[in-house]
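In this note's numbering, the protein residues as written are 103 to 512. Taking it in order: structure first as structure tokens, then the write-up.
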Amino acid sequence: KASDLWRKMISMLFETGHPWITFKDACNVRSPQQHIGAIHSSNLCTEITLNTNKDEIAVCNLGSINLVNHVDENGLNREKLKKSITTAVRMLDNVIDINYYSVPQAENSNLKHRPIGMGIMGFQDALYAQRIPYASEQAVEFADVSMEVISYYALSASSDLATERGSYQSYKGSLWDQGILPIDSLKLLYEARGVDFLDVNMDQRLDWDSLRNKIQKDGMRNSNVLAIAPTATIANISGVSQSIEPTYQNLYVKSNLSGEFTVVNPFLVRDLKNLGLWDSVMVNDLKYYEGSVQKIDRIPESIKRIYATAFEIEPRWLVDAASRRQKWIDQAQSLNLYVAGASGKKLDITYKMAWLRGLKTTYYLRALAATTTEKSTVSDMSLNKVSAQPAPAAVPQACSLDDPDCEACQ
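As structure tokens, then:
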């Protein structure tokens, strides 16, 4: 029975964090390349949904837009974003030609279909810059608007390259060739599932009809254009938040060959300084509460909402934001889910919601250890004065989000 299989999957997920649940129907029904075969699997980080067979090994050619660098006092800087995206798409297409291929099956696949996977990093920082809480309708709306703009300019850039360099070899018969863009492919998923089994916001703001006509006329240089990777290493190098991840902690200790360094969320420091609350007591409080601001009484509620950390955000907000992005993406997203107090029921609800909202894939399930205990200080917490030096936080029993050598998150 399907229900028994689902129960077994959820039980395994609860016990081990695996398997990384992906949804075959959404991956295949919405694939631009369904005319050349089925998508049998994703990659390790679950953002790549490309065709494979005995003669072809799919290759992911990835790059990420630093989203926070395209946000100013007026919100999303669309002209700057357009320029960056146009450059990025051209760069990624160049990579396909100058790359080294270790096996002929990979070279055959890459040169024939020319897939690229442009994504984003710094999403959480972009919210901080606009003082938007991750757990809010504003954040969900920003996820929608920003990804629509990125999708629009990326598809347009690939079509421009097709005019200049020619369409990819297997373009004929693809969804692009039929005038079906990622947002249009949602209608195919509605038809395949039925309206009772898909609940996705279909709002559009840009002139997609013009772009649709342009692509049918000029073609596409790349079979696939968009995919959101984890960006653990490159976000670390760039000094921004990873991919679409919420902040794990507002204060943590980073260790490398040069020593140990205390890292504090710079946006939080900015806002606390503006309120006159940044002092040594606040630093000790943040250390004591392991980077959480929720139990520090003198911090206003508005600041607590903005700087809620990953396990303090209900998973539905992560799923809703991901759903708004997914409608614009031709591949998928590397989406980690954080569940405090995980239970079979919570996981059942969360993953069914992910399916209902049209997600193609999910990545790690992260849950707090059962041994995690609540912190408490003196009864009067008006200043939350923590006198003793706090003990170092226990290392979580999970893949480190900040380990640049983790081969799963390059």
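The beta carbon of each residue, even a glycine, is placed where N, CA and C say it ideally should be.
Which class does residue i belong to by DSSP, given the choice of helix, strand or coil?
| i | result |
| --- | --- |
| Trp122 | coil |
| Ile451 | helix |
| Leu420 | helix |
| Val385 | helix |
| Glu362 | strand |
| Val173 | strand |
| Leu277 | coil |
| Thr463 | strand |
| Leu313 | helix |
| Leu374 | helix |
| Asp106 | helix |
| Val297 | helix |
| Leu458 | helix |
| Leu178 | strand |
| Asn201 | coil |
| Asn196 | helix |
| His137 | helix |
| Val395 | coil |
| Ser258 | helix |
| Tyr390 | helix |
| Cys147 | coil |
| Asn324 | coil |
| Pro206 | helix |
| Ser445 | coil |
| Ser343 | coil |
| Thr188 | helix |
| Asp537 | The chain is shown from 103 up to 512; residue 537 falls before or after that span and cannot be answered. |
DSSP has residue i in a bridge; who is on the other side?
| i | result |
| --- | --- |
| Ile90 | Any answer about residue 90 is impossible in this case: the structure gives the chain only from 103 up to 512. |
| Ser211 | For Ser211, which the question treats as bridged, DSSP gives no partner whatsoever. |
| Glu158 | Asn155 |
| Leu164 | Gly219 |
| Arg468 | Tyr440 |
| Val355 | Thr364 |
| Leu288 | In the DSSP output, where bridge partners are listed per residue, Leu288 has none listed. |
Do residue i and residue j have their C-beta atoms within less than 8 Å of each other?
| i | j | result |
| --- | --- | --- |
| Leu257 | Met220 | no |
| Asp157 | Asn201 | no |
| Tyr440 | Arg468 | yes |
| Glu414 | Ser394 | yes |
| Asn352 | Val366 | yes |
| Ile159 | Thr151 | no |
| Thr333 | Ile123 | no |
| Ala412 | Ser166 | no |
| Arg459 | Asp301 | yes |
| Arg307 | Gly281 | no |
| Pro348 | Tyr453 | no |
| Asn168 | Ser340 | yes |
| Glu149 | Ala329 | yes |
| Phe244 | Leu461 | no |
| Pro217 | Asn155 | no |
| Tyr53 | Ile187 | Since the first residue shown for the chain is 103 and the last is 512, residue 53 is missing from the structure and cannot be characterised. |
| Leu272 | Ile138 | Here residue 272 turns out to be Ser, not Leu, going by the sequence shown. For Ser272 and Ile138, yes; Cβs fall inside 8 Å. |
| Trp310 | Pro134 | no |
| Lys170 | Asp127 | Correcting the residue identity first, residue 170 is Val in this sequence and not Lys. No; because the gap between Cβ atoms is not below 8 Å, this pair is not in contact. |
| Arg400 | Leu379 | yes |
| Ile336 | Ile222 | no |
Kindly say whether residue i, judged by its beta-carbon, lies nearer than 8 Å to any beta-carbon of chain D.
| i | result |
| --- | --- |
| Ser260 | In the displayed structure, chain D is absent; only one protein chain is listed. |
* To do: Count the CB pairs spanning the region 242–249 and the region 417–436 that are closer than 8 Å, and state whether there are at least three.
  => At 8 Å Cβ cutoff, the stretches touch.
* Asked: Quick one: any contact between the region 224–238 and the region 272–292, if contact means 3 or more CB pairs under 8 Å?
  -> Touching, no, given that fewer than three Cβ pairs across the two stretches are closer than 8 Å.
* **Cβ pair count under 8 Å reaching 3, the region 198–206 against the region 172–179** => No: the two stretches stay apart, fewer than three of their Cβ pairs being nearer than 8 Å.
* Taking only runs of the alpha helix (DSSP H) that begin and end inside the region 224–248, which ones reach a length of at least 4 residues, in chain order? -> Counting only runs of 4 or more, we get 225–231.
* So, do the region 260–274 and the region 312–323 have three or more beta carbon pairs nearer to each other than 8 Å? -> Flag = yes, the region 260–274 and the region 312–323 touch.
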